[in-house]
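These notes concern the structure reproduced below.
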Ligand SMILES: [Fe+2]
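Numbering (the numbering used here), first residue to last: 9 to 327.
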């Protein structure tokens, strides 16, 4: 017998955006991800989707940042999951170094700067100890400050873990809307918050950078390219990779920005049950020449314990 479907359209779409199709299927009583996708497609034909998007933007209070870059470098780090009382990861230290060495025209934190398990919809795993949310925010603020350069735009594309910070409160204490401190971005004032960063939107060579497109799994980025038809730079899956797609219109790049965190760090060990993960610590460098994106480059952490990274054929021991 089919299970009863819960929630109205707005709640359903907000859930897909926040936790993905598989978890939404479980929460809302659908038979699986395909059933959720079918409903998303059906809603896309209806005016309700536009209304839901507006509502979501109102809650989170940011949409896109547009950048025009003729020549220059953008440094992108993703999925920091900064955690209290941990030393900086090797990838974080490498990103700080690249921000200082490459003289970027923008620095982008591509989502999940905090992990926020204490306000997750997911139930606790055993008796795991979840850090205080405020301690996570303080840790993230300290690390993000290390990435700041005077005069360089700092953009933070919202991740699903970041959204937990205010989604939790918005669902139980709507009366606090607008109170200073209730939005995560209140705590990172130097960073411009957005759902996505679009680079060179007027050109044939548009780059879209965002945390995710609601897709998960090994083919997430390739399917993201199929959906957007632009250069597409996403995080969320923690698996640093670069793919090229060529067609009559040229070559387009799809990048998985990996994670700034340590793949086997305490943020993930219970969630992944300490299984092997196809994740890599990485920093992505986008270089624009005459408004065109050159082949994207990635710094990869070679050895976390020895703090060794590889970039452009050079091995560096990070501080
Ligand atoms: Fe993440």
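For glycine and all other residues, C-beta sits at the position ideal for the given N, C-alpha and C. A quick note: this is a predicted structure, and the numbers were derived from the prediction, not measured.
Contact check for residue 92 and residue 144: beta-carbon distance about 6 Å, within the 8 Å limit, so the pair qualifies. In the structure shown, residue 90 adopts extended strand secondary structure according to DSSP, grouped into three states.
For residue 274, the CB contacts under 8 Å within the same chain, skipping 5 residues up- and downstream, are 91 and 94 in chain order. In this structure residue 78 is exposed. Its beta-carbon is surrounded by fewer than 16 other beta-carbon atoms within 10 angstroms.
Residue 305: member of the beta strand (DSSP E) spanning 305 to 311, first to last residue. Rounded to the nearest whole angstrom, the CA to CA distance from residue 110 to residue 81 is 7 Å.
At a cut-off of 8 Å, the beta-carbon of residue 28 does not count as near ligand 1: no heavy atom of the ligand is closer than that. Taking C-beta atoms under 8 Å as the contact rule, residue 84 and residue 116 qualify, at a distance of about 5 Å. When secondary structure is reduced to three states using DSSP, residue 149 falls in the helix class.
Residue environment analysis places residue 153 among the exposed positions, since fewer than 16 neighbouring C-beta atoms fall within 10 angstroms of its C-beta. Sixteen is the threshold: since fewer than 16 other Cβ atoms of the shown chains lie within 10 Å of the Cβ of residue 303, the residue is exposed. With respect to the C-alpha of residue 100, the residue from 237, 317, 210 and 321 having the closest C-alpha is 317. DSSP lists no bridge partner for residue 124. Between the alpha carbons of residue 72 and residue 202 lies a gap of roughly 5 Å. Nearest to residue 141 by C-alpha distance, out of 124, 242, 17 and 231, is 124. Collapsing the DSSP output to three states places residue 168 in a helix. By the Cβ test, the segment 283 to 291 is in contact with the segment 261 to 274, since at least three Cβ pairs between them sit closer than 8 Å. The DSSP-derived three-state label of residue 317 is strand.
Short of 7 Å from the beta carbon of residue 230, and not among the five residues preceding or following it, lie these beta carbons of its own chain, in chain order: 251 and 262.
CA-CA distance, residue 28 to residue 132, rounds to 19 Å. Buried is the label assigned to residue 23, since at least 16 other Cβ atoms lie within 10 Å of its Cβ. A Cβ-Cβ contact shorter than 9 Å links residue 326 with residue 102. Between residue 244 and residue 301, the gap from beta carbon to beta carbon reaches 9 Å or more.
For the pair residue 175 and residue 309, the CB atoms are not nearer than the 9 Å cut-off. With three or more CB-CB distances shorter than 8 Å, the segment 163 to 170 counts as touching the segment 184 to 201. In the three-state reduction of the DSSP assignment, residue 228 falls in the helix class.
Residue 191 and residue 255 have their C-alpha atoms some 42 Å from each other.
Contact between residue 114 and residue 160 holds, with the beta-carbon distance rounding to 7 Å and staying under 8 Å.
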